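Chains as they are written, first to last, in my numbering: chain A, 1 to 385; chain B, 1 to 385.
Step one of this worksheet: look at the structure below.
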């Protein structure tokens with residue numbers, strides 16, 4: 001396998017982009033990544049998107065996007081694993097370059113979520129759960145994560161304040177990110193007293209509905225040394241795993257097994273341990289998710305994610321900064337774009353160009369992107385070259 | 001890159017499978033492929049599906065399918081390129097094995113199309129066209145292909161009878177395929193006099209709405225020699241290309257440029273010419289499509305596809321048998337499954353186990369799978385080992 005590097009990144013300003021179409025925001029981000037890399041062509045393309053069919057009535061997505069980017073007739077594939085679609089697209093691009101099939105690969109993620117009316121977005125997102133056994137019976141994602149939160153609180157004594165602190169920390173980071181959808185600072189009291197969604201989770205425990213895209217340019221590491229305009233970043237591992245899609249099929253609601261397995265595979269491939277990771281972007285779709293994920297990635301012991309968050313360990317300036325971009329919570333969560341945007345943040349950090357949210361001496365970064373209630377997870381580890 | 005072989009194939013009986021769910025038909029086919037290969041585990045999985053979101057309200061599909069197959073926590077990805085989703089899944093599996101990331105890979109395609117009511121299927125399929133410029137203005141796929149047919153008739157003198165003969169030939173082949181949805185023989189008169197859909201195309205010029213799945217087991221060619229129960233088949237090339245998604249953006253309606261480019265790439269990679277191909281499965285979603293495709297693959301000169309079909313050249317026993325399985329027309333067209341089922345047919349033919357529809361001395365076979373009105377195409381070339 002060839003070694004693979006990232007030589008360009010691009011991301012548009014995320015939010016409720018009423019005036020732009022899905023194809024517009026993707027092309028905007030793709031052109032930023034191409035400009036950042038300084039390449040004059042692309043050999044193939046991967047687009048991560050969860051459900052453009054339900055959100056905007058458009059499938060055949062990679063063909064549409066390569067057409068509107070003016071990149072046809074390149075090979076193009078759309079990949080989907082619910083909210084982990086972006087991370088999966090990064091993995092496909094990585095494998096394509098590693099295999100020798102393609103040299104310069106565009107990896108993008110996109111979702112246009114605000115073009116549906118009524119409960120259309122809630123329905124579209126619910127298709128990440130088991131349609132026949134979960135959705136049919138009325139459960140939605142805040143409900144599923146609330147079950148995990150209650151379980152974690154009961155088993156480990158995790159508190160309501162610890163959950164809220166995840167949101168407070170991530171908004172503190174997002175306040176420093178000009179591309180974030182909700183860059184406002186918030187307090188623990190504001191989180192706890194905001195509108196109840198699914199007890200114990202209030203609306204400020206939940207990631208928002210967002211329109212957005214993010215793109216990368218990958219190429220072989222050898223080529224990166226020659227052509228890259230900016231310091232290239234090597235992808236030293238890609239781990240992917242699945243779990244039961246339905247929450248009720250699991251023996252323990254407090255462990256995300258797909259994340260555990262994907263991380264194990266990635267650590268083994270990169271030959272590193274959790275201690276070697278300088279910073280990480282993780283899938284904080286709900287506050288409880290970040291607490292469970294930092295445990296399942298091995299950054300803290302199982303059950304101690306809430307305490308660690310409250311201690312400041314995961315804050316900017318802490319021992320293990322998590323979600324310096326603002327995370328899904330503050331930056332926004334256009335589901336198919338999220339996994340790619342996580343990599344964009346790590347690349348900026350490893351290049352040392354993150355300004356007020358820069359992690360000092362960042363050498364190795366990790367991303368963890370997750371589908372549904374944890375039925376799939378993709379972990380990548382990146383290193384400055 | 002490692003050489004890649006197919007060591008197992010499986011496909012269920014296609015049709016209107018009211019009593020079965022999407023997950024059931026996928027698992028049924030996957031178990032047949034696993035049994036055929038004789039493997040005791042799978043390292044990763046790719047599932048091609050166009051729009052399970054619109055057809056059955058289920059995304060996060062690869063996670064669901066690996067779960068129901070009992071194969072979790074393996075890495076699993078769903079890939080989509082409209083009706084070329086299956087072919088694209090084969091390509092992703094090929095690249096995964098070629099790269100060295102995975103050894104034993106399950107590639108599947110699936111679509112459950114009959115669970116929607118009213119014009120739900122027509123709407124779901126329309127999302128393969130350009131939503132903003134084509135679908136919004138009311139065009140559907142029979143209309144788009146009717147425009148191509150009229151253009152081809154005007155430019156090259158292709159006749160109504162020649163179009164009909166594609167359907168007649170493919171139903172003749174499907175009559176010999178016990179897994180085909182519509183194995184009935186039909187006549188040119190029956191095709192021409194059947195219900196008009198979009199002039200000049202009648203309902204017997206159109207592929208049907210189908211529930212179905214098909215699966216393959218891939219592994220490195222070296223390993224195949226050691227572990228395969230049946231004669232392995234090598235994938236000697238994978239070509240993928242895109243074109244403008246909207247028909248109106250093209251300068252000529254009689255050429256499918258994505259197919260031309262994908263085939264060029266595949267012939268180059270395999271170091272073969274169209275003359276070396278013993279048989280092919282091509283994307284006859286409408287009769288006119290097969291006529292254009294056999295031209296664009298270089299089997300006949302541009303404009304002579306209709307005449308060649310009428311001459312018997314593409315029939316079983318002809319110089320270049322096309323769609324010995326019955327094609328999309330007679331076998332059925334569960335959109336995401338089609339590209340994988342094409343490979344299943346070629347593997348059976350190269351193993352010499354196709355019974356009454358066996359092509360004598362078949363050594364090299366080709367598959368051509370296409371998305372939408374030709375906005376994407378995937379071509380694979382396979383050779384008996």
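Heads up, the beta-carbon is just placed ideally off N, CA and C, and yes, glycines get one too.
Because the structure is a prediction, the values reported are computed rather than measured.
Along the alpha helix (DSSP H) that carries residue i, what are the first and last residues, could you check?
{"i": "residue 261 of chain B", "result": "257 to 270"}
{"i": "residue 171 of chain A", "result": "160 to 174"}
{"i": "residue 134 of chain A", "result": "Run containing residue 134 of chain A: none; DSSP gives neither H nor E here."}
{"i": "residue 347 of chain A", "result": "335 to 351"}
{"i": "residue 128 of chain B", "result": "Here residue 128 of chain B belongs to no alpha helix (DSSP H), and DSSP marks it neither H nor E."}
{"i": "residue 90 of chain B", "result": "85 to 99"}
{"i": "residue 62 of chain B", "result": "61 to 68"}
{"i": "residue 191 of chain B", "result": "188 to 193"}
{"i": "residue 330 of chain A", "result": "327 to 331"}
Name the chain B residues that come within less than 8 Å of residue i, Cβ to Cβ?
{"i": "residue 82 of chain A", "result": "59, 60 and 63"}
{"i": "residue 88 of chain A", "result": "77"}
Contact defined as beta carbons within less than 8 Å: I believe residue i pairs with residue j. What is the distance between those atoms, to the nearest angstrom?
{"i": "residue 61 of chain A", "j": "residue 27 of chain A", "result": "In fact, because the Cβ distance is near 13 Å, the residues do not count as touching under 8 Å."}
{"i": "residue 335 of chain B", "j": "residue 77 of chain B", "result": "With 8 Å as the limit, residue 335 of chain B and residue 77 of chain B do not qualify as a contact, their Cβ atoms being about 18 Å apart."}
{"i": "residue 29 of chain B", "j": "residue 146 of chain B", "result": "Incorrect: roughly 33 Å between the Cβ atoms, too far for contact."}
{"i": "residue 280 of chain A", "j": "residue 339 of chain A", "result": "Their Cβ separation, rounded to whole angstroms, is 13 Å, which puts residue 280 of chain A and residue 339 of chain A out of contact at 8 Å."}
{"i": "residue 310 of chain B", "j": "residue 162 of chain B", "result": "5 Å"}
{"i": "residue 5 of chain A", "j": "residue 215 of chain A", "result": "That pair is no contact at about 15 Å."}
{"i": "residue 73 of chain A", "j": "residue 369 of chain B", "result": "No, residue 73 of chain A and residue 369 of chain B are not in contact; Cβ-Cβ is about 16 Å, not under 8 Å."}
{"i": "residue 10 of chain B", "j": "residue 31 of chain B", "result": "7 Å"}
Could you tell me which chain B residues have their CB closer than 7 Å to the CB of residue i, listed as they occur along the chain?
{"i": "residue 73 of chain A", "result": "241, 242, 243, 257, 258 and 261"}
{"i": "residue 21 of chain A", "result": "132"}
Name the two residues that bound the continuous beta strand (DSSP E) containing residue i.
{"i": "residue 7 of chain B", "result": "4 to 11"}
{"i": "residue 105 of chain A", "result": "105 to 112"}
{"i": "residue 236 of chain A", "result": "233 to 242"}
{"i": "residue 153 of chain B", "result": "Unbroken run through residue 153 of chain B is the alpha helix (DSSP H), 141 to 156; no beta strand (DSSP E)."}
{"i": "residue 16 of chain B", "result": "Residue 16 of chain B -> no beta strand (DSSP E), and no H or E assigned at all."}
{"i": "residue 279 of chain A", "result": "279 to 281"}
Consult DSSP for residue i and reduce its assignment to one of helix, strand or coil.
{"i": "residue 373 of chain A", "result": "coil"}
{"i": "residue 381 of chain A", "result": "strand"}
{"i": "residue 217 of chain A", "result": "strand"}
{"i": "residue 225 of chain B", "result": "helix"}
{"i": "residue 78 of chain A", "result": "strand"}
{"i": "residue 52 of chain B", "result": "helix"}
{"i": "residue 122 of chain A", "result": "helix"}
{"i": "residue 102 of chain A", "result": "coil"}
{"i": "residue 322 of chain B", "result": "strand"}
{"i": "residue 305 of chain A", "result": "helix"}
{"i": "residue 297 of chain A", "result": "coil"}
{"i": "residue 27 of chain A", "result": "helix"}
{"i": "residue 44 of chain B", "result": "strand"}
{"i": "residue 364 of chain A", "result": "strand"}
{"i": "residue 177 of chain A", "result": "coil"}
{"i": "residue 250 of chain A", "result": "coil"}
{"i": "residue 1 of chain A", "result": "coil"}
{"i": "residue 117 of chain B", "result": "coil"}
{"i": "residue 34 of chain B", "result": "helix"}
{"i": "residue 310 of chain A", "result": "helix"}
{"i": "residue 245 of chain B", "result": "coil"}
{"i": "residue 73 of chain B", "result": "coil"}
Mind listing the chain A neighbours of residue i? Cutoff is C-beta to C-beta under 8 Å, in chain order.
{"i": "residue 10 of chain B", "result": "Those do not exist, as residue 10 of chain B stays about 21 Å from chain A at its closest Cβ, beyond 8 Å."}
{"i": "residue 120 of chain B", "result": "Result: empty, since nearest Cβ-Cβ is about 12 Å, beyond 8 Å."}
{"i": "residue 98 of chain B", "result": "99, 100 and 101"}
{"i": "residue 270 of chain B", "result": "Within 8 Å Cβ-Cβ: nothing; residue 270 of chain B doesn't reach chain A, min ~14 Å."}
{"i": "residue 375 of chain B", "result": "60, 63, 64 and 67"}
At 7 Å on the CB atoms, spell out the chain A contacts of residue i, in chain order.
{"i": "residue 371 of chain B", "result": "60 and 63"}
{"i": "residue 51 of chain B", "result": "53 and 59"}
{"i": "residue 284 of chain B", "result": "The contacting residues do not exist; residue 284 of chain B stays about 19 Å from chain A at best."}
Mind pulling the chain A residues with CB within less than 9 Å of residue i?
{"i": "residue 297 of chain B", "result": "The contacting residues do not exist; residue 297 of chain B stays about 16 Å from chain A at best."}
{"i": "residue 107 of chain B", "result": "Within chain A, no residue comes near residue 107 of chain B; the closest Cβ sits about 13 Å away, beyond 9 Å."}
{"i": "residue 254 of chain B", "result": "By Cβ distance, chain A contributes nothing, its closest Cβ being about 17 Å from residue 254 of chain B, past 9 Å."}
List the residues that DSSP assigns as beta-bridge partners of residue i.
{"i": "residue 206 of chain A", "result": "A/286"}
{"i": "residue 211 of chain A", "result": "A/15 and A/112"}
{"i": "residue 198 of chain B", "result": "B/201"}
Please determine whether the Cβ atom of residue i lies at a distance below 7 Å from any heavy atom of the ligand GTP.
{"i": "residue 197 of chain A", "result": "Looking at this structure, you won't find the ligand GTP or any other ligand, since it has none at all."}
If contact means a Cβ-Cβ distance below 8 Å, which residues of the stretch 131 to 157 of chain B contact chain D?
-> Absent from the structure: chain D. Protein chains present are A and B.
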